[in-house]
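Residue numbers (the numbering used here), protein chains in the order written: chain A, 1 to 389; chain B, 1001 to 1389. Where a beta carbon is used, it is the ideal one built from N, C-alpha and C, also for glycine.
There are 2 protein chains.
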Amino acid sequence: MTARILASSAAPVRQSSVRAHNLALALQTVANSANPLSRASISAATGLTRATVSALVDDLIAGGLLTELDPPPRTGAGRPAAGLALASEGPAGLGMEINVDYLAACVVDLGGTVRHRLVEHADQRLSDPPTALGHLARLARRARTLAGDLRLAGAALAVPGLVSPDGVVRVAPNLGWQDVDAAALLREQLGVPVTVDNEANLAALSELRTTGGPSFVYISGEIGIGAGIVLDGVLYRGMRGWSGEIGHLSVHPDGPECRCGARGCLERYAGQEAILRAAGVTELTDIDATAAPALGEAASALGLALAGVVNLLDVDTLVLGGSYAPLVPWLRDGIAAELRRHVLTAELAPITLRAAALGADAAMRGAADAVIRSVLEDPATWLSGAGRT
Amino acid sequence: MTARILASSAAPVRQSSVRAHNLALALQTVANSANPLSRASISAATGLTRATVSALVDDLIAGGLLTELDPPPRTGAGRPAAGLALASEGPAGLGMEINVDYLAACVVDLGGTVRHRLVEHADQRLSDPPTALGHLARLARRARTLAGDLRLAGAALAVPGLVSPDGVVRVAPNLGWQDVDAAALLREQLGVPVTVDNEANLAALSELRTTGGPSFVYISGEIGIGAGIVLDGVLYRGMRGWSGEIGHLSVHPDGPECRCGARGCLERYAGQEAILRAAGVTELTDIDATAAPALGEAASALGLALAGVVNLLDVDTLVLGGSYAPLVPWLRDGIAAELRRHVLTAELAPITLRAAALGADAAMRGAADAVIRSVLEDPATWLSGAGRT
DNA sequence: TGCGATTTGTTTATTGGTTGAATTATTTGG
DNA sequence: CCAAATAATTCAACCAATAAACAAATCGCA
C-alpha cells in the first residue's frame, strides 16, 4: 500500500499537498504494522522528524483516524511509548456484492475487521435492476445498523460484469443487466458515495490486503472467469475498467462453440459449468479426489491461458479464487505443467500458484477494503470534512 | 508524460521534493508543447503562480535545460512574451542497439532531435559479448563526437532478450548471450551511466514520444516476437523486466512443434521465418499484394494472440512495429477479424490497429528517449550536478 | 506623438509546513 | 534518589509557494 497522492498527474504541488502526502505516509505506516507503533517508530520508519510526526499524528487523532492505546507496550528504560493504532470507531467501509444467486453486504472498520456481515440468498436473474439494488440497499442499511452505526467513508459494490469508471454497469450477462447506473441508484438510497467495480478486481484487492505480494493476478472462477490484475501494489483496472476479461481467451481455436460466438474459449473448458460436467456432479462441493482426474482438461486449459498471462505481464504469483479456490489441490499439477511448458522464464524464476486467502466473501470484502483504502491513501480529504457521514 | 517524482514510494516529502516536482512539471509543460511557451502560459497550463514559474524557469535556464528564444512570437497587445524551449545544447541521450545483424547508435538532444546516427551491419552471432560491446562502444563514441560532443545525461541499450533491472542480459537467444553484464561493460567504456532494456520495451517508448496515446501495446516483430506495454503513459516492464514475451503464446496447442519445446506458439505462425516461408520469398521487402493472401494464417494467429492481450489489459490501441510495420496493409484485415470475434468489448469501443511511426530505428530511438525522459522527469537531479558529463 | 489599456515578468511580504535543537516527561537501573 | 535512556513537545529558522503590488514592453487610438 503506497501513498500516491502527489503522484497522479500534471498537478502543481503546494505545501498542503506535502502535508496530505505525509499524513498518508504516517497513517499507512501504522496500518501496515502488525502491532501498535509509537510516534518515534513512525519517525524512524518514514524518515520524517519526530516533531513532524507528532504534528501529523495529532491531526490524525483529532480526525478520528488513529487512537492512542491506553496500555502501551513497554520495553527497557526510558519514557514508555504511546501506542498508536487505527481507530476502530473511525470511518468504516461498506462493501456490497450482487451475484446471480445472492446479495451480500458487510461493514469493515479502518483496521480491516469485519464488524457485521449479511448475506441473502435469492435468484437475481428474475428481478429488475432497481428492485434488486433496492433489496441490496436495505440489506446494507441493516448491516450498517447492526454494526453499530459507524460513520461510513463510502460504499463499494462488486458486480459480475463490465463496469465503467463512473459506476455504470455496462453489461452483466449473468444478471441480464445492461447500462445500469448502479452507483447513482445506491447513492440515492444509502446517502454515501458509492463506487462500483468488477468482482474480480475487488476480490484481487482483498487478496492484496491480506497476503498480497506487489504483483499478482487473481483468477476469479465464478459462472464466468475473470481476472484481477495487481501490478506493483496497484490494481490495474484498464483504460475503461474492463481489464482481466480472460474467460474468452482462445484455448483451442477449433474447439467447441462458445456462447460468445467464438470457438474454444477458456470458459468452455474451465468455466463452472464445464467443470461440473467434467466431474459428473451437480455441486462443486461434491468434487473430491476421485473426481480429480476428470479436471485435467480444465486444468490444462487454465494453465495455457495463465501461461499467456505470465508471459505478458511478468508476475510471479497467480492466485486462484472463487470456485477455483477449493479445487486447487486437484488443479495445481495440471496448471503447473502448462506453465512450465509455456512460460519462457519459468526456469529463471519460479511461479507461485496458490489458493485465495478469502473464500466466497472475497469480492465483498475487497469492496469494503477499497473504501477504507481510499481513506488510508488520502486521509487529508477525510480530515478536511469532505465526505463525512 | 506525467511527472511521477513524488509518487514513487513510501518516502517522506520535504520542501525540496516540492521544488523537484514543480521543476519537472514546468519542464514537461514546455516539452509537451509544439511551440515555444512563455512563462505566463506555463503558469496558466500548470496552475502555478507566475512568480513561481519565473523562479523555476530561472533554475532550468541556469542548468542548461531551457533556453530563451531571441525572436519571441508576438500577438496582440501587451509586453511580448519570451519564448522558452528545450535547450538543444542541453544534456543529450545516447541510444544504442545491438541486434542479430547490426549495431547502431545515435545521439538525441533534449528536444528529441536526432543529432547523429550510425549503423554498422555485421553479424553479431559470431562475436563474443565483450567484443561486440566493444565495437558498439566505439561506434557510440564516434556518434557522440560527430554529434558535436554534447554533454550526455546517460546512455541506454536495446537488446533482443530478457534483461534484468540491473542491466544484466539474462538471455538473448538470437545473439547466443547469457548473463552478460552489458550495463557494466558499456559503462566502463563510455563513462556515462548505462541502462539496458528489451528492444520491444524501448521501441514502445519511442512510440509513446511520437504519437502515443496513454495506453497501448507495441508489437515488435523481429526474429522473435515481443511486446512493449504502455499503461497510463508509463512503460510497464514487469516485476523482473520480462514483460511482453508474447512470442510463445499458444495459438494452436496441438500445432507444430516450436524451438521452445512447446507446440503451436505464435512465433511458429507469425515469426519472421514463418512469414517469409508462407509468402514464398526470402526478403520481407519482396512481399507485395500478390503475396498478401499467404499471410492469412499469420494474421489470424496474431489476431488471436492480440485479442487475448486486449481482453486482459483493456488497451484501445495496438501498434505493429518492427518487420510488421510495412506488412500492416496485408495483415490488418486478418487481425481485425480475430479481434472482432474474440474481444468481448469490441462492440462497446473500437480498437485502433496501426503501424509504428518509426521504422527500424524505433528501439534505438526509444533508448535515447529513455535517457532524455529521465532528465525531463527528474530535472532536479540533473540541476544538482549529479550525473553530468 | 502621447497616453491608456494590456499583457508579461519581477519584487516583496505572508503563509504553510518541515527541520533541528533544546526542553520536558516518564520510565529503568543502580 | 539520581543518572541514563527513551518519548514526546516546543520553538526559532528555513524553504518554497502565494498573493498582490510593481515594473517593463508593446498595441491602439486619438
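Straight across, the Cα-Cα distance linking D128 of chain A with A1278 of chain B is about 53 Å. Assigned with DSSP and collapsed to three states, R141 of chain A falls in helix. Taking each of B:L1110, B:D1166, B:V1057 and B:V1030 in turn and checking the Cα distance to A1045 of chain B, the smallest one comes out for B:V1030.
A contact is defined here as three or more CB-CB pairs under 8 Å, and the segment 1140 to 1151 of chain B fails this definition with respect to the segment 1161 to 1172 of chain B. Here A1044 of chain B carries a helix assignment [DSSP, helix/strand/coil]. For N32 of chain A, the three-state secondary structure derived from DSSP is coil. In the three-state scheme derived from DSSP, where H, G and I count as helix and E and B as strand, V114 of chain A is classed as strand. Secondary structure of T317 of chain A (DSSP, three-state): strand. According to the DSSP assignment, Q124 of chain A belongs to no alpha helix (DSSP H), since it is labelled neither H nor E. If you check the CB distance, P256 of chain A and G264 of chain A come in under 8 Å. L1150 of chain B carries a coil assignment under DSSP once its states are collapsed to helix, strand and coil. Of the other Cβ atoms in all chains shown, 16 or more fall within 10 Å of the Cβ of D1369 of chain B; this residue is therefore buried. Counting of Cβ neighbours within 10 angstroms places H121 of chain A among the exposed residues, the total staying below 16. With its beta carbon less than 8 Å from one in chain B, D316 of chain A belongs to the interface. In terms of Cβ geometry, A153 of chain A and G95 of chain A do not form a close pair [threshold 8 Å]. Note on geometry: alpha-carbon atoms of V1057 of chain B and R1373 of chain B lie some 18 Å from one another. Among the residues facing chain B, N99 of chain A is not included, as its CB has no counterpart in that chain under 8 Å away.
Per DSSP, the beta bridge partners of Q1178 of chain B are B:V1171.
Among the residues facing chain A, W1177 of chain B is not included, as its CB has no counterpart in that chain under 8 Å away. Per DSSP, reduced to three states, the secondary structure at S1300 of chain B is helical. Residues are counted here when their Cβ sits less than 9 Å from a Cβ of chain A; for the segment 1224 to 1246 of chain B these are A1227, I1229, L1231, D1232, Y1236, R1237, G1238, M1239, R1240, G1241, W1242, S1243, G1244, E1245 and I1246, given in chain order.
Within its own chain, the residues whose Cβ lies closer than 6 Å to the Cβ of R1117 of chain B, once the five positions on either side in sequence are excluded, are C1106, listed in chain order.
Closest option to G1093 of chain B, judged by alpha-carbon separation, among B:D1109, B:L1086 and B:R1079: B:D1109. As the crow flies, the alpha-carbon of N198 of chain A is around 6 Å from that of A158 of chain A. L69 of chain A and A380 of chain A have their C-alpha atoms some 22 Å from each other.
Under the DSSP assignment, A336 of chain A falls outside any beta strand (DSSP E), being part of the alpha helix (DSSP H) whose first and last residues are V328 to H342. DSSP places D1378 of chain B in the coil class of the three-state scheme, outside both helix and strand. With a threshold of 16 other beta carbon atoms within 10 Å, Q1028 of chain B meets it and is buried. With distances taken between CA atoms, E222 of chain A lies nearest to A:A363 out of A:A363, A:L186, A:I351 and A:E89. Under the three-state reduction of DSSP, V1230 of chain B is assigned to strand.
Each of B:S1088, B:S1043 and B:F1216 was checked against the Cα of L1065 of chain B, and the nearest Cα belongs to B:S1088. Neighbours of S1215 of chain B in chain A, taken as residues whose beta carbon is under 7 Å from its own, are M239 in chain order. Assigned with DSSP and collapsed to three states, T1211 of chain B falls in helix. Under the three-state reduction of DSSP, V1018 of chain B is assigned to helix. Rounded to the nearest whole angstrom, the CA to CA distance from A1140 of chain B to A1104 of chain B is 8 Å. For A1085 of chain B, the enclosing beta strand (DSSP E) covers residues G1083 to L1086.
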